[in-house]
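Q: Residue numbers (this note's numbering), protein chains in the order written: chain P, 16 to 128; chain S, 9 to 122.
Note that CB positions come from ideal geometry on N, CA and C, so glycine has one too.
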Amino acid sequence: GQNIDQPTEMTATEGAIVQINCTYQTSGFNGLFWYQQHAGEAPTFLSYNVLDGLEEKGRFSSFLSRSKGYSYLLLKELQMKDSASYLCAVRGPYGGATNKLIFGTGTLLAVQP
Amino acid sequence: DSGVTQTPKHLITATGQRVTLRCSPRSGDLSVYWYQQSLDQGLQFLIQYYNGEERAKGNILERFSAQQFPDLHSELNLSSLELGDSALYFCASSGGTGDGETQYFGPGTRLLVL
Chain P
16 GQNIDQPTEM TATEGAIVQI NCTYQTSGFN GLFWYQQHAG EAPTFLSYNV
66 LDGLEEKGRF SSFLSRSKGY SYLLLKELQM KDSASYLCAV RGPYGGATNK
116 LIFGTGTLLA VQP
Chain S
9 DSGVTQTPKH LITATGQRVT LRCSPRSGDL SVYWYQQSLD QGLQFLIQYY
59 NGEERAKGNI LERFSAQQFP DLHSELNLSS LELGDSALYF CASSGGTGDG
109 ETQYFGPGTR LLVL
């Protein structure tokens, strides 16, 4: 089966650091993506992890532990514009010749002044 | 701007009707994916096409169908519409189906069934 869990909502303060966790149980794994989605808009790609460890990209970092079925997205120096939903998505096994993504329900982050 | 275009942006129709949503992938991308996002659910994968061929199916209803044309644009057809079909429908594209292929999403079509 496929199960991806994220907290529903989080609140953080402008300038601070926030960590959004994602745990997954999927039949096959071939990579984990994080997307940002503002209300009513398209998801936009933030990061991709396929090997264990930390990937850093400016103010955003993403970590993966395949043995624990766990990932987190770290946002530093929070800005008001970071208020959005953050979606964790797992890519299925490559052998099936598909690149479909299974998404979690998303974490709605509110950044406060 | 992801380079993926979708039309129309908004669609209002009645139960029982049929609609067609259109998607043009980024230049050079061969794979197109369709997702549905309703208020109480996350993004749900519907179907994937790669270079004109169906590649993967998700929880797509039998009332829904899709195709990808030789110019690589794709259409999602929704028929016998029900109130519960009201949702945002996103199209995404990627170069192929290889490891690490990032999917880029279009702006979506907001469908309201009355």
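What's the call for Leu86(S), buried or exposed, on a 16-neighbour Cβ count within 10 Å?
A: With 16 or more Cβ atoms within 10 Å of its Cβ, Leu86(S) is classed as buried.
Q: Per DSSP, Gln14(S) forms a beta bridge with which residues?
A: Answer by DSSP bridge pairing, in chain order: Cys31(S).
Q: Let me confirm a value: Gln76(S) is counted as buried when at least 16 other C-beta atoms fall within 10 Å, else exposed. Which label applies?
A: buried
Q: Which residues in chain S sit within 8 angstroms of Lys115(P), going by Cβ to Cβ distance?
A: Tyr41, Phe53, Gln56, Ala64, Gly66
Q: For Thr28(S), I'd like the list of residues in its chain whose CB is within less than 6 angstroms of its CB, leaving aside the five on either flank, ordered along the chain.
A: Glu83, Asn85
Q: Can you check DSSP and say which residues form a bridge with Phe78(P)?
A: Leu69(P), Tyr87(P)
Q: Taking the straight line between their C-alpha atoms, what separation do you get for Gly114(S) and Thr23(S)?
A: 26 angstroms
Q: For Tyr63(P) and chain S, any beta-carbon pair shorter than 8 angstroms?
A: yes
Q: Would you say the segment 11-25 of chain S touches the segment 120-128 of chain P, given that touching needs at least three Cβ pairs under 8 angstroms?
A: No, the segment 11-25 of chain S is not in contact with the segment 120-128 of chain P.
Q: Of all Cβ atoms in chain P, is any one closer than 8 angstroms to the Cβ of Pro16(S)?
A: Closer than 8 angstroms: no.
Q: Give a yes or no on whether 8 angstroms exceeds the smallest Cβ distance from Thr28(S) to chain P.
A: no
Q: The beta strand (DSSP E) spanning Gln21(P) covers which residue range?
A: Note, Gln21(P): premise wrong, no beta strand (DSSP E); not H, not E.
Q: Run through chain S and tell me which residues come within less than 7 angstroms of Phe118(P), C-beta to C-beta.
A: Gly50, Leu51
Q: Is it buried or exposed for Thr117(S), if we count other Cβ within 10 angstroms and need 16 for buried?
A: buried
Q: Please work out which residues of its chain come closer than 6 angstroms, Cβ to Cβ, to His81(S), disregarding the five sequence neighbours upstream and downstream, and give them in chain order.
A: Ser32
Q: Using CA coordinates, which residue listed in Gly36(S), Val121(S), Gly66(S) is at the minimum distance from Pro78(S)?
A: Gly36(S)
Q: Cβ closer than 8 angstroms: which chain P residues qualify as neighbours of Gly114(S)?
A: Those within 8 angstroms of Gly114(S) in chain P are Ala57.
Q: Output needed for Thr59(P): all residues of its chain with C-beta closer than 8 angstroms, excluding positions within five of it in sequence on either side, in chain order.
A: Tyr50, Gln51, Gln52
Q: From the DSSP output, read off the bridge partner residues of Met25(P).
A: Leu124(P)
Q: Give a yes or no on whether the C-beta atoms belonging to Lys160(P) and Ser86(P) are separated by under 8 angstroms.
A: Outside the displayed span of chain P (16 to 128) sits residue 160(P), for which this structure offers no information.
Q: Compare the C-alpha of Asn64(P) against each of Gly30(P), Arg106(P), Ser98(P), Thr23(P) and name the closest.
A: For Asn64(P), the closest alpha carbon among the candidates Gly30(P), Arg106(P), Ser98(P), Thr23(P) is that of Arg106(P).
Q: Below 8 angstroms on the Cβ atoms is my guess for Tyr97(S) versus Gln44(S); work out the distance and round it to an integer in Å.
A: The distance from the Cβ of Tyr97(S) to that of Gln44(S) is about 6 angstroms, consistent with a contact at the 8 angstroms cut-off.
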